[in-house]
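All letters in the sequence shown, in the order written, are residues 86 to 348 by our numbering.
For each residue, glycine too, the CB sits at the ideal point set by N, CA and C.
It should be emphasised that the depicted structure is a prediction, and the values quoted were computed from it without experimental measurement.
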Amino acid sequence: MTIENPLIPHFKSNNSDKLRLFCFPYAGGGTLSFRGWRDRFPSNIGVYPIELPGRGFRLQEPLLTRLPFIVNSIAPILYPYLDKPFAFFGHSMGALIAFELTRFLRREYAIQPVRLCVSGRCAPQTLPIVPPIHQLPESDFIEALRYLNGTPAEVFKNPELMGLVLPILRADFSVVETYSYCHEEPLHCSISVFGGLDDPETTIDFLEAWKVQTNHSTSLYLLSGDHFFIHTKFDEFLDFICRDLQDSMKIDRFQDKIHAEYI
């Protein structure tokens, strides 16, 4: 497999995308976290998982433990691929990355996605619900991971696999747990918010609080399941995202038409 860009390992040059959806993983995740997504979207929406350092195609690169480092490293590499309408999706840690990257692109490049989709993450201005775990001793850290129920059971049974996964998880939890929110003006794009009704890491009020981060519309979808409802409610969840992205594409085309009529 020839990889044009390890940040976006599945990007296809000269494609016919009308909209590009870039997907940011949860803690411990990578491009495989979005396996099967491409087949669920129409052909005019390209789905491009982002590969963070220290995993997958970028396994030999050092892990990053602070959100600003991740955003600063992604933005200049991703920017050339934002020449068409685009949207961001992120689950949990990925939601924070997608949000802060959106704000960075607005500040530095004067561009924004047509829609920001965030999942399994309370609004960034709210206080954390779950106590921090990234500095716990290894045995306590593993026990906390079991409680959060986001790591496959077979990983805990395989010492070699645990040795590979634990540093990634600890680095990613450090990214989330050291995050410091700074106020900025609301975004100029719609936000889709997704939550699991039994997710111990979110509350309905804190999910609804995303609405203050935009002066456009906010949609809230609550699905049955825990923190990883995105897998257990896979079809229903992706149907909602697909519908919202198609709505954003219609609005974007309408605004382009209005702009053209005034030129």
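Check                                                                                   : Outcome
Proximity below 8 Å, CB of Gly310 to CB of Asp283                                       : yes
Where the alpha helix (DSSP H) containing Ala172 begins and where it ends               : Per DSSP, Ala172 belongs to no alpha helix (DSSP H); it is in the beta strand (DSSP E), 171-176.
Secondary structure of Val260, DSSP reduced to three states                             : helix
Gly281 versus Gly205: straight-line alpha-carbon distance, rounded                      : 7 Å
Three CB pairs or more closer than 8 Å across the region 141-148 and the region 174-187 : no
Unbroken alpha helix (DSSP H) run spanning Leu292, endpoints                            : 289-293
Cβ-Cβ separation, Pro198 to Thr211 (assumed contact under 8 Å), whole Å                 : That pair is no contact at about 22 Å.
First and last residue of the uninterrupted beta strand (DSSP E) at Ser302              : Run containing Ser302: none; DSSP gives neither H nor E here.
Opening and closing residue of the alpha helix (DSSP H) in which Val381 lies            : Lying outside 86 to 348, the shown extent of the chain, residue 381 is not represented and no answer is given.
Where Asp341 falls, given that 16 or more other Cβ within 10 Å makes a residue buried   : Interpretation of Asp341 is limited by its pLDDT of 47, a score under 50 that renders its predicted location unreliable; no figure is taken from the coordinates.
Distance between Phe313 and Gly235 (C-alpha atoms, nearest Å)                           : 7 Å
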